[in-house]
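Trainee: First, the structure itself, so that you have it in front of you.
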Amino acid sequence: MRDLFEETIERIFSDLVSPALIHQCADGAWPETLWSTLEEAEMTFAAVPEALAGAGATWEETFALVRAAGAHAVPAPFADALLANWLLGRAGLQPVKGPLAISAYSELTCSDGYAGGRLERIPWGRHLKHIVAISAGSDPKLVVLDTASAAQLDRRTNLAGEPRDTVVFDRARIVHAQPLPVGTRPDFLPLCGAMLRSAQMAGALQSLLQLTTGYATERVQFGKPIGHFQVIQQQIAVMAEHAACALLAAEAAFVESAGEISVLPIIAAKICVGEAASIGASIAHAVHGAIGFTDEHSLHLKTRRLWAWRAEYGSQNSWSQKLGQSVCEFGSSGLWPMLTQTAKSTPRARESLI
Amino acid sequence: MGFDAQFSRRLGERGWIGMTLPKRYGGREASAFARYVVIEELLAVGAPVSAHWIADRQSAPMLLRYGTEAQKERFLPGICRGESFFCIGMSEPGSGSDLASITTRARRNPNGWVLNGRKIWTTNAHRSHFMITLARTEEKTTERHRGMSQFIVDLKKPGIDIRPIRDLTGAEHFNEVVFEDVELSEGDLVGGEGAGWAQVTAELAYERSGPERILSCMALVNTLIDSVGRSPNALQARELGRVAARIFMLRKMSIAVTAQLHAGENPAVAAACVKDLGVTLEQEIPEIAQAIVDLEPSSDGSDYEKVLAHLTQLAPSFSLRGGTREILRGIIARSLELR
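From first to last, the protein sequence lines stand for chains A and B.
Residue numbers 159 to 512, in the working numbering, belong to the letters of the first sequence in order.
Residue numbers 64 to 402, in the working numbering, belong to the letters of the second sequence in order.
Structure, rendered in structure tokens:
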């Protein structure tokens with residue numbers, strides 16, 4: 159099944175996502191053909207259970223879809239919608255059509271079917287039909303809001319030019335709401351987002367590695383392809399190591415979250431993939447030289463996203479600090495059990511972590 | 064990693080050496096992951112596993128794969144009992160990273176082979192019973208990787224001189240080994256005549272991907288956590304969190320390579336990735352320790368100060384043993400078709 163999902167998504171992205179489209183979208187366009195093709199292929203419902211009309215993709219398969227979205231720098235909230243629909247399915251709600259994303263940073267108060275609050279950093283907010291958020295308070299709910307009922311929208315972007323808007327609701331009618339299981343972590347959505355961006359970065363790093371080895375093979379200086387120089391080979395090898403680590407880390411975060419979000423693999427992935435992104439982008443630019451620094455060259459479509467995504471849903475520094483706090487809290491005798499825990503075997507250790 | 068022959072024998076009695084080998088040779092036919100759990104736990108508590116380590120990690124799998132039935136029957140049961148210790152003769156005074164330039168020579172004679180040459184940096188040669196050595200069996204040609212073969216050398220044979228070399232920490236782990244007309248029998252050849260290079264590169268995947276490539280500094284990480292205490296400042300928390308995340312992930316990579324080895328593949332490139340990333344972290348850990356705790360490394364101080372002093376000095380060797388970082392990166396670059 160993973161092959162089928164990967165083939166389908168690769169075909170769609172290869173056919174429809176071009177550097178030109180990415181540039182147009184950075185200038186404000188919405189990729190309608192791409193989005194409707196993804197919906198017709200039921201890709202945005204991939205992670206929804208079959209009982210709720212989804213494709214019931216496993217986490218491994220969902221990972222492959224998100225990774226591909228990152229590799230192609232898809233200029234639409236496809237990964238975000240996959241996750242949002244998974245969240246709805248998890249809560250027993252029907253998935254929704256139309257562009258949607260999660261709101262991980264919100265202060266949303268709900269009463270009698272209405273919601274109000276300020277939702278920050280909403281991916282593609284201006285283009286969304288729906289937003290999935292978690293309400294504040296002691297009995298948090300998963301809430302679906304219609305962006306048509308928003309009171310205000312401030313257009314903002316991340317450094318790669320992807321929309322990250324502020325959307326304000328003032329007594330907006332709630333489309334759907336469902337209580338969350340007791341014990342849902344307050345950082346549940348940031349963790350979900352961190353998992354998503356890790357997989358996108360892993361995909362972008364793979365693509366960056368291909369671009370960079372390709373360029374090193376073609377570009378001739380001092381009478382030979384620059385990739386024949388050991389100094390270039392050694393740099394690209396380091397990038398390849400980090401790209402491999404990133405891929406494994408992000409996939410583990412997804413696979414170990416099957417059933418329930420698995421905290422340590424996600425945090426470790428965001429830290430390691432973030433670091434890989436920093437190192438990989440730096441080496442890619444060094445190898446490409448001045449041409450890679452131009453707007454015309456497509457290298458920056460990947461590197462600028464890596465710089466943006468590594469900071470979203472918690473930078474490697476902020477997650478490292480949180481993880482380090484609990485490392486110290488558990489003490490040296492707690493470190494080894496923490497590192498060797500598996501997602502399935504020690505639910506208590508997982509809950510108490512961080 | 065401490066050397067304790069008695070400890071190794073006890074582990075052997077418990078069935079924790081050569082775990083994955085067939086029962087008829089003294090193994091348990093356990094999975095590669097069962098073995099991984101055992102060796103990882105041993106390393107995590109700093110157990111003295113050095114005596115049998117190389118035999119368990121690479122000599123036994125290598126003999127199982129390339130050895131004759133007679134060799135398997137002769138050597139494997141002793142390895143599993145924790146009684147037969149092995150070392151690996153690869154580097155020579157003139158051949159470090161450029162392993163294919165070795166000049167140690169095995170020449171045919173009516174009884175088998177005669178070995179002459181010199182090996183260096185051979186860990187535990189002075190405390191091992193056998194060495195698996197790489198030697199030229201043909202003159203060097205333009206095809207540099209041809210004409211090498213592996214032999215199993217009983218280190219009690221006449222003509223062998225083993226001299227320990229003191230390292231900068233004051234310890235004696237590695238040696239120079241001189242072979243002067245050492246008589247080898249036909250049955251001492253391991254695998255194919257002339258197939259030494261392929262065998263050695265396959266074997267190195269075992270050497271480069273195990274948990275020991277991640278856990279060399281666990282003792283320092285643990286004492287560092289104790290020194291920081293329960294209320295870290297922001298810098299301490301960030302650095303310890305980052306170290307924990309990287310160990311967690313490298314361990315996953317190491318396990319993934321184990322799975323490939325277990326499936327009979329030759330994950331040389333993945334193993335090179337694990338080793339280079341692992342070593343980079345291991346070498347950073349003493350630096351991180353110095354950056355977040357203001358205590359001096361000292362050979363007669365607290366546990367933390369002692370471990371810091373020891374590992375600060377040992378760290379440069381991490382990216383030398385088992386293939387330098389430059390060689391590993393060269394292997395990765397070749398897989399990307401850059402060379």
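For every residue, glycine included, the Cβ atom is placed at its ideal position computed from N, Cα and C.
#1: Against chain A, does B/M312 count as a neighbour if the rule is that its beta carbon must be under 8 Å from one of theirs?
#2: Would DSSP call B/E275 helix, strand or coil?
#3: Compare the C-beta of A/P495 against all C-beta atoms of chain B and say whether one is closer than 8 Å.
#4: Residues of chain A with CB under 7 Å from B/N238, in chain order?
#5: Using a Cβ-Cβ cut-off of 8 Å, state whether A/E399 counts as contacting chain B.
#6: Over the uninterrupted alpha helix (DSSP H) stretch that includes B/H192, give me the two end residues.
#7: Looking only at its own chain, which residues have a Cβ that is under 7 Å from the Cβ of B/R137, when we skip the five neighbours before and after it?
#8: According to DSSP, is A/P383 part of a helix, a strand, or is it coil?
#9: Using 8 Å for Cβ pairs, my map puts A/V325 next to A/G283. What's the rounded Cβ distance?
#10: What does the alpha-carbon distance come out to for the pair A/T371 and B/I80?
#11: Can you check whether the CB of B/V245 is closer than 8 Å to the CB of B/V356?
#12: Which runs of the alpha helix (DSSP H) fall wholly inside the segment 445-481 of chain A and span at least 4 residues, in chain order?
#13: Closest to B/G109 by CA distance: which of B/I277, B/S361, B/I351 is it?
#14: I'd like to check one pair, B/F193 with B/L218: are the Cβ atoms closer than 8 Å?
#15: Provide the residue(s) that pair with A/L277 in DSSP beta bridges, ordered along the chain.
#16: Could you check whether A/L354 and A/V224 sit closer than 8 Å to each other, using their CB atoms as the reference points?
#17: What are the boundary residues of the alpha helix (DSSP H) that B/I395 is part of?
#18: Out of A/E208, A/V206, A/D185, state which residue places its alpha-carbon closest to the alpha-carbon of A/A234.
#19: What residue range does the beta strand (DSSP E) around B/F214 cover?
#20: Applying a beta-carbon distance threshold of less than 7 Å, which residues of chain B neighbour A/T371?
#21: Are B/T167 and B/R199 touching if we call contact CB-CB under 8 Å?
#22: Which runs of the beta strand (DSSP E) fall wholly inside the segment 235-261 of chain A and span at least 3 residues, in chain order?
#23: Below 6 Å CB to CB, which residues in the same chain sit around A/A335 once its five sequence neighbours on both sides are set aside?
#24: Relative to the ligand GDP, is the shortest distance from any of its heavy atoms to the C-beta of B/S147 smaller than 7 Å?
#25: Could you say if the segment 311-328 of chain B and the segment 385-401 of chain B meet the contact criterion of at least three C-beta pairs nearer than 8 Å?
#26: Return the CA-CA distance between A/C289 and A/A404, expressed in angstroms with no decimal places.
#27: Name the chain A residues that come within less than 8 Å of B/L340, Cβ to Cβ?
#28: Please confirm if B/N329 has its CB atom under 8 Å from at least one CB of chain A.
#29: Please list, in chain order, the residues of the segment 202-235 of chain A that have any C-beta partner in chain B closer than 7 Å.
#30: If you measure from the beta carbon of B/Q299 to each beta carbon in chain A, is any gap under 8 Å?
#31: Cβ of A/Q358 less than 8 Å from any chain B Cβ?
#32: Looking at the C-beta of B/M64, does it have a partner C-beta in chain C at a distance below 8 Å?
#33: Check B/W116 in the structure and name its three-state DSSP category.
#34: Would you check if the distance between the CB atom of A/A352 and the CB atom of A/Y471 is smaller than 8 Å?
#35: With 8 Å set as the bound, which would you pick, yes or no: does the beta-carbon of B/A396 sit closer than that to a beta-carbon of chain A?
#36: Quick check on B/N174: buried or exposed, where buried means 16 or more other Cβ atoms within 10 Å of its Cβ?
Mentor: So, to answer that:
#1: yes
#2: Taken through DSSP and simplified to helix, strand or coil, B/E275 comes out as helix.
#3: So, not an interface residue.
#4: Simply none; closest approach about 31 Å.
#5: Chain B, which has a Cβ nearer than 8 Å to the Cβ of A/E399, makes this yes.
#6: From DSSP, B/H192 is part of no alpha helix (DSSP H); its letter is neither H nor E.
#7: none
#8: strand
#9: 5 Å
#10: The alpha-carbon atoms of A/T371 and B/I80 are separated by roughly 43 Å.
#11: No, these two residues do not count as a Cβ contact at 8 Å.
#12: Within the segment 445-481 of chain A, the complete alpha helix (DSSP H) runs of at least 4 residues are 457-469.
#13: B/I277
#14: yes
#15: Answer by DSSP bridge pairing, in chain order: A/S264, A/V325.
#16: yes
#17: 388-398
#18: For the residues A/E208, A/V206, A/D185, the minimum Cα distance to A/A234 belongs to A/D185.
#19: Annotation: the continuous beta strand (DSSP E) that includes B/F214 extends over 211-217.
#20: Residues of chain B passing the Cβ test: L399, L401.
#21: Annotated as proximal: B/T167 and B/R199, with beta-carbon spacing under 8 Å.
#22: Runs of the beta strand (DSSP E) inside the segment 235-261 of chain A: 258-261.
#23: For A/A335, where only same-chain residues beyond five positions count, the Cβ hits under 6 Å are K299, V301.
#24: Ligands in the displayed structure: none, and consequently the ligand GDP is not present.
#25: Here the segment 311-328 of chain B makes no contact with the segment 385-401 of chain B; the two share fewer than three CB pairs at distances below 8 Å.
#26: The identity of residue 289 of chain A in the sequence shown is Ile, whereas the question assumes Cys. Those two C-alpha atoms are separated by around 29 Å.
#27: E399, H400, C403
#28: no
#29: Of all residues in the segment 202-235 of chain A, none has a Cβ within less than 7 Å of some Cβ in chain B.
#30: yes
#31: By this cut-off, A/Q358 is not an interface position.
#32: Chain labels in this structure do not include chain C; the protein chains are A and B.
#33: helix
#34: yes
#35: yes
#36: When all chains shown are included, B/N174 counts as exposed.
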